[in-house]
Each structure stands twice: as C-alpha cells, then as structure tokens.
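Below: the structure, in structure tokens.
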Amino acid sequence: MGLGHRADEACAVLADLLGPQGDLDRGRAPVWRSDISDDHTPVEYSVAFEEDGSHTLRLLVEAGAAEPGRRANLDAAEAALDRLATRYPLALDKLDAVRGLFLPEDPQGLFAMWFSLVLRRSGPPMVKVYLNPQVRGAAQAERLVGAGLDRLGFAGSMDWVRAHTPRQGGGLDRFSFFALDLEDTPAARVKLYQSHHGATAADARFAAGGTAAADPHRLTRFATDLGGDGPFRGRPLVSSHTFLASDAARPRGYSLYVPIRDYVPDDGVALVRTRAALARCGVDTAALDRAVEAVATRPLVDGVGLIAHVSLRMGPPRPGVTVYLSAEAHGVAPPVRGTAAGAA
Ligand code: TRP
C-alpha cells in the first residue's frame, strides 16, 4: 500500500495493542472469541480507497488481556490507550465525555472498546475508538446513543436518527457501534452504526434518506452488485452516519457496509465483484489486488470471508469505497457450493 516505511512502527503499536494474543502462531485456536472477525482473529485490515486515487490502510484491533474476558479486555484496552496517548497526540475529550455511558464496570455484549489505527504515508497513525451501544444490554442501546450524541454537542440528532430508522420497534435495526476519531480537528467525526437484519436495499436507502450526500441510485446498485437482490438474510447490511462538529442536528455523511462474504460462494467471486464496484467508482483496482495478495495465504476459491465487507462512503469527509480483509490467522471458512448463498 506504499506504507512500507511505516511498517515497523505499525507492527510495534499492533503488538502492544494485541498483548499476549499477538504471540500465538497462525492456525492455533484463539484465546478469546473476538468479534472483530469470523475466525476470532483480533485484527482486521481495511483499505479505504478515495475517489482521488489515494488509499489508506487501517487496522481494527481488539486489545487482549493475559487472561481474556470482557472486563479484563476493557482494562487491557484502557491501559493500551494510555500508552498510545504517550506516543501520539490523541484528543481524549470526546471519549472522556461518554465514558460514563459506554464503559461500565460490568460490560456486556461482544466487546467494550476496539481501536482502529489509520496508517498514513506521513504523520503519526490516526486512532479511532469503537464503543458498543449494547454494552449495557439491548434495552439500553438507544438511551446510550442518544445521551452520547447529546454530550458530544449533537443535541436533537437522535430525533433525526429515529426518523431514519427503517423498521422501528421490531428489533431488526440495532445500534452496533459508536465510534470517535481521537483527533482534535474540525474533521474529527462521531460515527453511529446500525445493523439492519433481514433488510433490503430500500431499507438502506431509507436509512440514508436526507443525508445530503447520499445518492439512492448508487446505493442500490452497490448493494445489489455486491450482494444480490436481497433481502439480506445472512449477516446484516450496516449503515453508518457521520456527525461533524460543524452541524449539530443531522449527519453529513452516510456509508453502507455490505457483508459480501455471506452472499458469495468463495473469495474468487468476492474479488471479481469488489473489483467491479471499485471500478464503477473510478478507483484503480490494482491496489486492491495487491492488498488481497498480501493478506491471502490460500487460493481465493478455497474459502470465503477473506473479503468480509465492502463499504460505500458518501459525503464528507471523504467519499470512496472501503474493503475489509480478514487476517484468517485462526481459520478459513470453506467455500459454499450449490446453496442460496452461492446463487446470490
Ligand atoms: N466482525 C463483526 C461483523 O462483521 C464486526 C466488524 C468488523 C464489522 N469489521 C466490520 C462490522 C466492518 C461492519 C463493518 O459484524
């Protein structure tokens, strides 16, 4: 990805975040069933392709304790964040403002705090934290998200979010992540993610609706080209809304994440579809091929899930396409032959 000169630094930070789980050999069973990826590898790659031809490499990471557990991993994440903050100039004010909501004594759910490291050609990595709206149980998720947006200066935006939730009340649309850029710039974002279970592309259009930058036609095309006509009854479509400091009550950007791995027979097909989606956005696909080749340790047709999600980003700060690549350190899902997924 043209970031070779940053590799030593990135590996050092990654090893620090991973803790003892980073010492496991490939192919060994995971010590913690991290939800970062299907085989529980606690790190996932993503490459964000920008419309101007540049790209960025990111690592999504779950910090691990020596004796992993929900509380222990949160403690490990907090300690790792302290170390990161001595290394890089992180802005922690937003996280501090919502800590009392999202980081309880007794976290529930699949995780409490994940990190994203954004590696750039120059300058230190940008750090993002992902918090879990389900961390106090599903019944509290909406309250946490609303209070979180309020505390960060987006008072009133919860009404907007509610009005753009495609299927209210049925539990099909669930808040899945609340993410913060730990950066003290006007471009620092708050991102709110919702998972749409059993949804159609029309539901995604509804969720995007009103975000000035979201083009309904492109959204539909993106979802169907990557995942078929839907409804998406495997892993859910995911929406994210981007809130920027400059405008309070409504989001400015929208992204749609398609969990392509549940809608293709194997990664060979996934790569062909992903290439086509990139090309349609005017993005050069050679960098995608290099990224896949760097990560894959097997023929693409021998498994499914190396390409986990593909997302379309619309609106500020940077429109483009992002491809999420699994590390597959603990295992590979076999290809799916002759079923609905294969035919999708
Ligand atoms: N593995 C989880 C999932 O697929 C969480 C996750 C990791 C995720 N990367 C993601 C979710 C990208 C949406 C988009 O749900």
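Residues 196 to 539 in our numbering are what the sequence shown spells out, letter by letter.
Think of the CB as a built atom: it goes at the ideal place given N, C-alpha and C, for glycine as much as any other residue.
- Comparing C-alpha distances from Pro-446 to each of Ala-210, Arg-384, Ala-342 shows the shortest one belongs to Arg-384.
- Approximately 28 angstroms separates the beta-carbon atoms of Leu-377 and Ala-399; this is outside 8 angstroms, ruling out the contact.
- CA-to-CA, the gap between Arg-223 and Asp-354 works out to about 47 angstroms.
- Closest by C-alpha distance to Leu-501, out of Glu-239, Ser-434, Asp-218, is Glu-239.
- Judged by the Cβ position, Tyr-452 qualifies as a neighbour of the ligand TRP at the 6 angstroms threshold, a heavy atom of the ligand being closer than this.
- Set against 6 angstroms, the gap from the CB of Val-340 to the closest heavy atom of the ligand TRP is not smaller.
- Distances between the C-beta of Glu-523 and the heavy atoms of the ligand TRP are all 6 angstroms or more.
- Looking from the CA of Val-496, the closest CA among Arg-362, Arg-508, Pro-530 belongs to Pro-530.
- Between Arg-316 and Gly-197, the beta carbon gap of about 7 angstroms places them in contact (Cβ cut-off 8 angstroms).
- Residue burial annotation: Pro-320 is buried, with at least 16 other C-beta atoms found within 10 angstroms of its C-beta.
- Counting C-beta atoms within 10 angstroms of its own C-beta, Arg-201 has 16 or more neighbours from the protein chains shown and is therefore classed as buried.
- For the ligand TRP, a non-hydrogen atom lies closer than 6 angstroms to the CB of Val-433.
- For Gly-343, the three-state secondary structure derived from DSSP is helix.
- In the structure shown, the three-state DSSP call for Glu-300 is coil.
- In this structure, Tyr-449 has its CB at a distance of at least 6 angstroms from all heavy atoms of the ligand TRP.
- Counting along the chain, Arg-278 sits inside the alpha helix (DSSP H) bounded by residues 265–282.
- The DSSP-derived three-state label of Ile-502 is strand.
- In the three-state reduction of the DSSP assignment, Met-196 falls in the coil class, being assigned neither a helical nor a strand state.
- In this structure, the straight-line span from the alpha carbon of Asp-247 to that of Glu-300 is close to 44 angstroms.
- A residue is called buried once 16 or more other Cβ atoms fall within 10 Å of its Cβ, and His-525 is buried on that count.
- Remark: the C-beta of His-504 is in contact range of the ligand TRP, defined as less than 6 angstroms to any heavy atom.
- Look at the beta carbons and you see the segment 257–265 touching the segment 201–219: at least three pairs across the two are nearer than 8 angstroms.
- In the DSSP assignment, Arg-315 falls outside any alpha helix (DSSP H) and carries neither an H nor an E.
- As computed with DSSP, Gly-448 is found in a beta bridge with Thr-437.
- For Ala-440 and Ala-350, the gap between their C-alpha atoms comes out near 12 angstroms.
- For Tyr-449, the closest of Ala-474, Phe-244, Asp-410, Gly-477 by C-alpha to C-alpha distance is Asp-410.
- In the DSSP assignment, Gly-515 falls within the beta strand (DSSP E) that extends over 515–521.
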